[in-house]
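Residue numbers (my numbering), protein chains in the order written: chain W, 1 to 481; chain Z, 1 to 481.
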C-alpha cells in the first residue's frame, strides 16, 4: 500500500508540474502572438500616412481581419470555444456534464481564437479563456496518463484536478501565482476542500517559474518582473483620513460593477429576444463581428476619438501609466513622464474629461466586445476602467490637497497612483464578486503597501454589488440557462 | 422576507465589524503589556549592575515571576486556557463540543496569562491563543446579541461565525489581514464554504484599521507600518540560479519542521508516560514552570549564553535584524548597521557559529517553553529559527559569490535578507503545513518581490513535512486524544 500511495503522490506531483509548464508555454506563446499583432497594427498605422483615409483604412483593416478570422476559426473548429470559460467551469465543477467542452479541437480553437481576438486590440482580457484552456490541458493530460497508468480515474479526483487546472489558468493570465489560485477558487467553487489547496499553488508556481525562464531565454527583460510594477517609496503611503475616500471609491466600484453586469445581461438578452435581429444574424454570422469590430476599431483610431483612449499604448503600458507614481497634474514633470502622458492627450483637454471619456468608452466597448463570437475575457478591460476612475479621484485629491494631508505632525502627500490601484481593485471586485482580487493587485504591482486601502474598497464594493446583482459569471450562467 | 434578510445581513456586518474592533483593542492592549514587561526586564538588567550575581538575579526574577503568575492565574481562573487553541478550534470546527472552552473566565485567563507569558520573554508566540480569544469573543458576542435578537442561533451559522473569529484572531496576531485569514482557514477547516470567505476578511480589515487608529492615537509610530518591514530596492531581487538554493532551503524547512513536530510530541509523551515524573509534577504544580523558566531565563542571560541569542532585543528587533537588507559579513557596515549587529556578538565569534547557536537554542527552547502550563503559541519562535537559518545560508552564498551571480549580462547581488525571509517561511510551513504562510510573510515584510522564492521553498517544505509527520496542530490533537 505504501509504495502504491507513494507512486500515486509522485504521479500527482509530476502531473501538476507538467500542467504548470504546459500552461506557461501556451500562455507565453500567446503573449508573443498578441504582441506581434500589436506591433503590426502600430506599424501599419505609422507607415501608411500619405492620406488620412488610407491611414484610417490601415488602422482598421488588421483588427477587423483578426476578429473575423477568430470568429470563423472558432466557428469551424469548435463553437464551444466562444466566450469566457469561467461560467462553464463553474457549472462543470458543480457536477454538470457539458458535452464536447474539454476536447482537443476546443483547445486549438480557444488558443488561436484568443490570440487573434486579443491581437486585434479589442477591449478584452484573457483570464476566462485561460481557465478554460487550463481545464482542457488538464483533462487531456489526465486522459493521456490514464491510458497507461490510471490516476484521476474517479470523479472526485477529476474535480480536484480541474480545480488545480483553473487555478493555474488564472495565475498564468494575471502573472499572480497566489492571487490567481485564490481568485479561481472564488469564481469556480462553492465548497472547497483544504486538502486540495496545495495543488493549485504547486502547479501555479511551476507555471510562474517556467514563465520566467522562458522570458529569460528569450531575453525579454520585461516579463522578468511583475506585470504592472509600481514604485511607491514610502512605508505608509496614505493618511488615515484618506481611508474614507478609499471606501467611497469602493462604493463607486460596487455600484458601477453592478451596472456593468446589468448592462451586459440586458444587452445580450435584448439582442437575443429581438427575433428579427437574431434571425438575421444567425444566417449572416460575420455581419455582427464585422460591425462591432469596425465600430470599436474606428473609435480607437488614434488620430480621432482614440486620442482620448491612449490606443497607441498596449494594455500593459496603459495600466502602467495609470498606476504611475507621479502626479499627472504636477507642474514639473520630467521629460520621460511627459512622454508617457503625451499618449493621453490630457495636455490639451481637461484631464478629468479625458479620463472620463477613457473610462466610459472602455466601460461600454468592453461590454460590446465581450458579445463577439470569439474567446473573450473581461477582467483586464474592467481593471483599466477602474484604474482610470481611481486616477481621476487621486488627481482630484491632489488638487484639493496639493501639499498632502497632515495628521499628528506627519505630512502624507497624495499618491494618485495608489488611488488608481484601489479603483482598479474595487471595480474588478464589483464585477466579479471576489475578495482575492486584492492579492492579485498586490502581486501584479509587486507592492503590498496599499493592501489596507485596497481591502477596504474591495470589501465595500463586494457588499454593494452583491446586494444589487449577481457576479458577471453567475449572470452569464443565468443567460445561458 | 426581503426586509428580514436585509436585517439579518445588516446585523451580520455589524457583528463582524464589532468582533474585529474588539479583537484589535484586546490585541493592542496585550502588546502594550508585553512591551512594558520587556522594558521592565531590560531596566532591571541595566540597573542592578553592582555585582554579576545581583544582575543575574535581577534578570531572572521577573521572567520566573511572570511565568508562575501566568500558570497560577490560568490554573485558578480557567485551566482550559493552557496551550495554543488552534488544535482545539480545529476539533470544534469538526463538530466536537468541548465543554467550558468558550467562556468568559477562559477569555480572562487566556488574555492575562498570555500577556504575562509573552512578557516573560519565553520563546513563545501569540497566534494560537489569539485564535482561541477570537473564538471566545465571537461566541460571547453572539450570545449577547442572541439574547435580544437572534442571529447565529442555528449550528451552521455558529460555525460560520467561528471561522471568521479564528481568522480575525490570526490576522490580529500577525498583522496580516489577508494571510491571516487564509492561514486560519488552512489550520482550522477541512472543507470551506466560499460564501463565508468574505466574513473573515471583513472582520480582519476592521481589526487592522482599528489597530492602526489605536497606534495613531497612542502616537507609537512603530505600529503604523508593517510588522517586519524590509527595504529591498531591486525589482527582481534574485537570480534564476538561486532558485535551486531556495528549494534546498525548503528541503531543510520541511525536514526540520517534521523533526520539530516529532521532538515536541516525543517530549510531551515522555513527560506524561513517565509515571514518577508526572505524578510528582501533578502534586507540585509550580515546580515544572519554575524549573523551565529558570532554565530558559538563565540561558537567555545576556552576559552569559544569551550573548549568542540577542536577548537584549525584542522579538521584533531580532527578526528585523535577520531580515535586514545589508550583508552582515560586509566589510563596510555603517555605524547604525554595526550597532544593530552588536547585539548578536558575531564580531567576536564566527557568524555561522553564532547564528547556529541562536537557531538550535531557539529550536529546543521553544519546544520546552511550549509545554509550560500557560497560554502558548509557537509560530513566532519557529519563524525566528527559520529566519536565522536563512540568514546563515544567505551569508554563505555571499561568501561564495561576493560579487553576485551573473546571468545574461545582468548581475544579481546576493541579498542575505531575502534568504532569511525564505527560511522563515519554509520552516514555518514545515511545522504548520500551510501554503498561506507565504502571504503572511509578504504582508509582514510589506514587500512581495520575493514571492516566487518563498512559494518554491514553502511548497517543497510542505511536500516533505507532510510525508514525514502530521502538522504541529494535528500532532497536538493526537497527543490529547
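Note that beta-carbon positions come from the ideal geometry of N, C-alpha and C, so glycine has one too.
Which word fits residue i, buried or exposed, when buried means at least 16 other C-beta atoms lie within 10 angstroms of its C-beta?
| i | result |
| --- | --- |
| residue 270 (chain Z) | exposed |
| residue 119 (chain Z) | buried |
| residue 51 (chain Z) | exposed |
| residue 418 (chain W) | buried |
| residue 39 (chain W) | exposed |
| residue 287 (chain Z) | exposed |
| residue 84 (chain Z) | buried |
| residue 389 (chain Z) | buried |
| residue 344 (chain W) | buried |
| residue 280 (chain W) | exposed |
| residue 449 (chain Z) | buried |
| residue 411 (chain Z) | exposed |
The alpha helix (DSSP H) spanning residue i covers which residue range?
| i | result |
| --- | --- |
| residue 419 (chain Z) | 416 to 432 |
| residue 116 (chain Z) | 104 to 119 |
| residue 442 (chain W) | 437 to 445 |
| residue 284 (chain W) | Taken as a continuous stretch (DSSP letters only), residue 284 (chain W) belongs to no alpha helix (DSSP H), as it is neither H nor E. |
| residue 186 (chain W) | 177 to 188 |
| residue 450 (chain W) | Looking at the DSSP string, residue 450 (chain W) is not in any alpha helix (DSSP H), and its letter there is neither H nor E. |
| residue 310 (chain W) | Taken as a continuous stretch (DSSP letters only), residue 310 (chain W) belongs to no alpha helix (DSSP H), as it is neither H nor E. |
| residue 56 (chain W) | 52 to 77 |
| residue 339 (chain Z) | 335 to 342 |
| residue 273 (chain W) | 242 to 273 |
Taking only beta-carbon atoms, is residue i less than 8 angstroms away from chain W?
| i | result |
| --- | --- |
| residue 32 (chain Z) | no |
| residue 435 (chain Z) | yes |
| residue 449 (chain Z) | yes |
| residue 424 (chain Z) | no |
| residue 456 (chain Z) | yes |
| residue 319 (chain Z) | no |
| residue 462 (chain Z) | yes |
| residue 478 (chain Z) | no |
| residue 205 (chain Z) | yes |
| residue 238 (chain Z) | no |
| residue 212 (chain Z) | yes |
Rank the options by C-alpha distance to the C-alpha of residue i and give the top, closest one.
| i | options | result |
| --- | --- | --- |
| residue 352 (chain W) | W:332, W:396 and W:362 | W:396 |
| residue 65 (chain W) | W:479, W:374 and W:422 | W:374 |
| residue 429 (chain Z) | Z:60, Z:261, Z:37 and Z:354 | Z:261 |
| residue 289 (chain W) | W:411, W:130 and W:73 | W:73 |
| residue 192 (chain W) | W:297, W:167, W:142 and W:308 | W:167 |
| residue 187 (chain W) | W:437, W:480, W:144 and W:309 | W:437 |
| residue 495 (chain W) | W:114, W:285, W:59 and W:439 | Because chain W spans 1 through 481 in this model, residue 495 (chain W) falls outside it and cannot be assessed. |
| residue 318 (chain Z) | Z:335, Z:68, Z:385 and Z:245 | Z:385 |
| residue 59 (chain W) | W:301, W:291 and W:144 | W:301 |
| residue 404 (chain Z) | Z:459, Z:207 and Z:241 | Z:241 |
| residue 140 (chain W) | W:131, W:107 and W:61 | W:107 |
| residue 94 (chain Z) | Z:415, Z:340 and Z:160 | Z:160 |
| residue 144 (chain W) | W:109, W:126 and W:104 | W:104 |
| residue 210 (chain W) | W:55, W:22, W:303 and W:197 | W:22 |
Hey, does residue i have any beta-carbon neighbour from chain Z nearer than 8 angstroms?
| i | result |
| --- | --- |
| residue 446 (chain W) | yes |
| residue 249 (chain W) | no |
| residue 421 (chain W) | no |
| residue 18 (chain W) | no |
| residue 191 (chain W) | yes |
| residue 194 (chain W) | yes |
| residue 52 (chain W) | no |
| residue 473 (chain W) | no |
| residue 438 (chain W) | yes |
| residue 183 (chain W) | no |
| residue 243 (chain W) | yes |
| residue 79 (chain W) | no |
| residue 442 (chain W) | yes |
| residue 69 (chain W) | no |
At which residues does the beta strand (DSSP E) containing residue i begin and terminate?
| i | result |
| --- | --- |
| residue 321 (chain Z) | Element bounds for residue 321 (chain Z): not the beta strand (DSSP E) but the alpha helix (DSSP H), 315 to 323. |
| residue 193 (chain Z) | 191 to 193 |
Examine the ligand FMN and report whether any of its heavy atoms sits within less than 7 angstroms of the Cβ of residue i.
| i | result |
| --- | --- |
| residue 85 (chain W) | The ligand content of the structure shown is nil, which means the ligand FMN is not present either. |
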